[in-house]
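Asker: Sending over a structure as structure tokens; questions will come in a sec.
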Amino acid sequence: MTHTPHEATPIAATAPTKPWYRQLYIQVLVAIVTGIVLGWQWPDPATSMEPIGTTFIAAMKMLIGPIAFLTIISGIAGVADLKKVGLTGLKALTYFQVGTIAALVTGLVAINLFRLGDGVHADPSRLNTSGDAGQYIQQGEHQQWWEFLTNLVPHSFFGAFVEGAILQVIFLAMIFGIAIKSVGKVGNRSSPGSTASPRWSSRSCPS
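Quick note on the numbering used here: the sequence shown kicks off at 7 and runs consecutively.
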């Protein structure tokens, strides 16, 4: 009785695990604790470091639109059946709305339970208090449900990115993803670039 040799099953190489201090969530937690201690014990130096935080937040906002746009395009272009594209877009809009509501609820609960801001030794004259929250409240009170749908369509392509309107960016990404998928093989050749761009943008963030 002869035995036929079996080919060895290739084992996928696993990526090396990062040290704990290089994990992104660890760095974020350390930064939060450091900011709290710095603002509590040394308020003047913490206030003078405001430009650093403002610049960092602006850089994060700059990446949100392109990452969302390219990620959704790559996802739609990789779907074999265009009938599933509608479900993909619905999921994206649902995740955005659920995330927004969760963030608002979390903020309201934290403010009312922990009385955030009490005991802060910040000088009000040095804080950035520009803007009027009342105008946004009035806009929300008078907005109709159909205006939400009409606001999904941006007035210009780049306007959605400039204004930071994420829902409009998602809408544009769905249209472009369907268009690329409809082209066929030509569109499939552009998909790897769309897939690599979010990874490149993510790597530009601090890690």
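Beta carbons are placed, not taken as given, at the ideal position from N, Cα and C, and that holds for glycine.
Hey, how far is the Cα of Ala-83 from the Cα of Leu-122?
Answerer: Here residue 83 corresponds to residue number 77 of the sequence shown, with the count starting at 1. Here residue 122 corresponds to residue number 116 of the sequence shown, with the count starting at 1. The straight-line gap from Cα to Cα measures roughly 45 Å.
Asker: Just how far apart, CA to CA, sit Val-189 and Ala-65?
Answerer: As a position in the sequence shown, residue 189 is number 183, starting the count at 1. As a position in the sequence shown, residue 65 is number 59, starting the count at 1. Their Cα atoms are separated by approximately 34 Å.
Asker: What is the C-beta distance between Ala-179 and Ile-117, in whole angstroms, given that I count them as a contact (C-beta under 8 Å)?
Answerer: Your numbering for residue 179 matches position 173 in the sequence shown. Your numbering for residue 117 matches position 111 in the sequence shown. Actually they are not in contact, since the Cβ atoms of Ala-179 and Ile-117 sit about 34 Å apart, beyond 8 Å.
Asker: With burial defined as no fewer than 16 other Cβ atoms inside 10 Å of the residue's Cβ, what is the status of Ala-86: buried or exposed?
Answerer: Numbered from its first residue, the sequence shown carries residue 86 at position 80. With fewer than 16 Cβ atoms within 10 Å of its Cβ, Ala-86 is classed as exposed.
Asker: Report yes or no: do the region 53-62 and the region 153-168 share at least 3 C-beta pairs separated by less than 8 Å?
Answerer: no
Asker: Rounded to whole angstroms, what is the Cα-Cα separation between Tyr-27 and Lys-67?
Answerer: Looking up residue 27 in the sequence shown gives position 21. Looking up residue 67 in the sequence shown gives position 61. Answer to the nearest angstrom: the Cα atoms are 25 Å apart.
Asker: Does DSSP put Lys-89 in a helix, in a strand, or in coil?
Answerer: Here residue 89 is taken as the residue at index 83 of the sequence shown, counted from 1. In the three-state reduction of the DSSP assignment, Lys-89 falls in the helix class.
Asker: Can you have a look at Gly-183 and say buried or exposed, based on whether 16 or more other CB atoms are within 10 angstroms of its CB?
Answerer: In the sequence shown, the residue the question calls residue 183 occupies position 177. Gly-183 counts as buried, since at least 16 other C-beta atoms from the protein chains shown sit within 10 angstroms of its C-beta.
Asker: Helix, strand or coil, according to DSSP, for Gly-71 in the structure here?
Answerer: Walking along the sequence shown from the start, residue 71 turns up at place 65. In this structure, Gly-71 counts as helix in the three-state DSSP scheme.
Asker: Are Ile-176 and Phe-120 touching if we call contact CB-CB under 9 Å?
Answerer: The residue given as residue 176 occupies position 170 in the sequence shown. The residue given as residue 120 occupies position 114 in the sequence shown. No, the pair does not count as a contact, with Cβ atoms beyond the cut-off.
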